[in-house]
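Written below as structure tokens is the structure these notes are about.
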Amino acid sequence: MRLTDRQRKIGRTVYNVQHEIARALLEEKSKRGVTQQALSKKLGVDRSVVNRRVTGRSNLTLRSIAELAWALNREVEFRLVPAGVEQSVRVAPQAERGRWEQMDPRELESIAFIASISEQEVRSFLRTQQPRHRTSRATNDNWAELVPAPAAKAA
Amino acid sequence: MATTAELVARGSLVVVDALGEGRKPWRQLLAFPAFIQWLDKSLPTFNDFYSDSAPEEQIGALFEAFCLGRPLLYRRDLREIYPTSYGGWELKTPAIRIFGWFRERDCFVCTFGDSADRVKKHRLVHGYLTQTAYLRSTLGLDAPDHVAGVQYNDILSDAPHR
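Protein sequences, first through last, are from chains A and B.
Residue 723 in my numbering sits at position 58 of the first sequence, and the numbers go up by one each step.
Residue 55 in my numbering sits at position 49 of the second sequence, and the numbers go up by one each step.
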């Protein structure tokens with residue numbers, strides 16, 4: 666694959682938005698039986714319009730995303746964050762104290778890669794974590810610690 | 007009989023570097039050399055007037071999601087091809103179809119790619135399926151040469167992201 670950074674960013678962003686819409690629809694379908702037919706009725710458009718939107722066969726506008734979110738009873742979250750941070754924060758494995766010892770090596774490797782630090786640093790970080798409830802997960806806040814802090818502003 | 011690693015060393019199969027920068031994938035994507043040529047030469051010439059991203063951007067994003075171990079959506083991102091006894095699967099984007107099979111869990115071998123419109127218009131799915139099975143048989147892989155299961159967990163594991 667010989668994609669430029671620009672192409673990668675475009676592809677990834679469009680994929681993520683389309684994926685999220687498709688995932689939300691699947692979730693609503695399994696939980697509440699919401700179908701494309703029901704969505705099209707709610708939106709007052711033909712079912713083929715909804716189908717094209719959720720399968721990525723039509724250009725999505727901000728308005729059409731907002732309409733789908735309304736029809737699916739969802740809120741839309743949109744943030745632009747510095748490159749690299751979003752992926753790091755999204756990683757929220759079960760970072761219970763001691764769990765690193767039983768962690769799948771691939772899991773450690775994956776965390777290390779996404780946070781751009783060594784596996785040793787991941788282990789060190791996990792060691793410093795306070796014990797949590799067995800089922801608790803790392804929060805975005807403590808995983809954000811793995812991301813290098815932005816340079817302090819000169820006074 | 008040969009292992010996947012031997013076939014890669016021999017050049018019969020090529021590792022698809024979807025992540026770049028030497029990043030290690032959670033799931034592995036392999037391909038026949040002819041598929042890599044198609045990826046580099048033909049795919050950039052495809053157009054998709056109906057989607058927000060170009061076909062090669064769509065494939066780049068799907069391959070990246072695959073290799074990062076992100077949860078994929080059955081039927082939207084991939085689906086098995088009937089009859090399932092051939093062990094054929096297709097990876098899907100709005101504009102492109104990629105055919106291949108799972109050598110083992112989290113390891114997909116790409117054989118052919120084509121535009122979704124062309125595949126549907128000329129009903130090429132079963133042709134690609136039989137060619138995929140034939141190509142697989144020419145490799146002389148250790149048995150079993152493909153994953154027989156059709157459940158998500160048979161073919162994929164998700165990385166602990168999100």
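Positions of the beta carbon are idealized from the N, C-alpha and C atoms, including for glycine.
Classification of residue i by the beta-carbon crowding that lies within 10 angstroms, buried from 16 upward
| i | result |
| --- | --- |
| M666 (chain A) | buried |
| R799 (chain A) | In this prediction, R799 (chain A) scores a pLDDT of 37, lower than 50, which makes its location untrustworthy; no coordinate-derived value is stated. |
| W107 (chain B) | buried |
| H132 (chain B) | exposed |
| D54 (chain B) | buried |
| V684 (chain A) | Rather than Val, the amino acid found at residue 684 (chain A) in this sequence is His. By the neighbour-count rule (16 or more Cβ atoms within 10 Å), H684 (chain A) is buried. |
| Q43 (chain B) | exposed |
| K47 (chain B) | exposed |
| E63 (chain B) | buried |
| L745 (chain A) | exposed |
| D112 (chain B) | buried |
| G93 (chain B) | buried |
| P61 (chain B) | buried |
| E86 (chain B) | buried |
| Q34 (chain B) | buried |
Closer than 9 Å at the beta carbon, the chain A residues around residue i
| i | result |
| --- | --- |
| Y56 (chain B) | R717, G721, R722, S723 and N724 |
| D46 (chain B) | M666 and R667 |
| D123 (chain B) | The premise fails here: D123 (chain B) is roughly 10 Å from chain A at the closest Cβ pair, so nothing lies under 9 Å. |
| A24 (chain B) | M666 |
| L79 (chain B) | H684, A687, R688 and L691 |
Amino acids of chain B, ordered along the chain, whose beta-carbon sits closer than 8 Å to that of residue i
| i | result |
| --- | --- |
| L668 (chain A) | E62, E63 and G66 |
| Q672 (chain A) | A60, E62, E63 and G66 |
N-terminal and C-terminal residue of the alpha helix (DSSP H) that residue i is part of
| i | result |
| --- | --- |
| K706 (chain A) | Q701 to L708 |
| K694 (chain A) | D670 to R697 |
| G133 (chain B) | V131 to L145 |
| I161 (chain B) | Y158 to I161 |
| R744 (chain A) | Looking at the DSSP string, R744 (chain A) is not in any alpha helix (DSSP H), and its letter there is neither H nor E. |
| R718 (chain A) | R712 to V719 |
Within chain A, partners of residue i - CB distance below 7 Å
| i | result |
| --- | --- |
| P100 (chain B) | T720, G721 and R722 |
| P71 (chain B) | In the sequence as presented, Pro is not what sits at residue 71 (chain B); that position holds Ala. Y680, listed in chain order. |
Limits of the beta strand (DSSP E) - the one that residue i falls within
| i | result |
| --- | --- |
| A37 (chain B) | Q34 to A37 |
| F118 (chain B) | C113 to S121 |
| L727 (chain A) | Note, L727 (chain A): premise wrong, no beta strand (DSSP E); alpha helix (DSSP H) at L727 to A736. |
| L13 (chain B) | Element bounds for L13 (chain B): not the beta strand (DSSP E) but the alpha helix (DSSP H), T10 to R16. |
| R103 (chain B) | I102 to E110 |
| R85 (chain B) | L84 to E86 |
| G28 (chain B) | Looking at the DSSP string, G28 (chain B) is not in any beta strand (DSSP E), and its letter there is neither H nor E. |
| G94 (chain B) | G94 to K98 |
Closer than 9 Å at the beta carbon, the chain B residues around residue i
| i | result |
| --- | --- |
| R744 (chain A) | The contacting residues do not exist; R744 (chain A) stays about 16 Å from chain B at best. |
| V679 (chain A) | S57, D58, S59, E63, Q64 and A67 |
Chain A contact residues for residue i, given Cβ-Cβ distances below 8 Å
| i | result |
| --- | --- |
| R82 (chain B) | H684, A687 and T720 |
Integer Cβ distance of residue i from residue j, believed to fall under 8 Å
| i | j | result |
| --- | --- | --- |
| E96 (chain B) | L84 (chain B) | 7 Å |
| R722 (chain A) | S57 (chain B) | 7 Å |
| P100 (chain B) | A122 (chain B) | 7 Å |
| E732 (chain A) | L708 (chain A) | 6 Å |
| A689 (chain A) | R728 (chain A) | The pair is not a contact, with the Cβ atoms about 17 Å apart (cut-off 8 Å). |
| V22 (chain B) | C116 (chain B) | 7 Å |
Where residue i meets chain B, residues with beta-carbon distance less than 7 Å
| i | result |
| --- | --- |
| I675 (chain A) | S59 and E63 |
Contained beta strand (DSSP E) runs [length at least 3] in the region 33–67 of chain B, N- to C-terminal order: Complete beta strand (DSSP E) runs here, min 3: 34–37.
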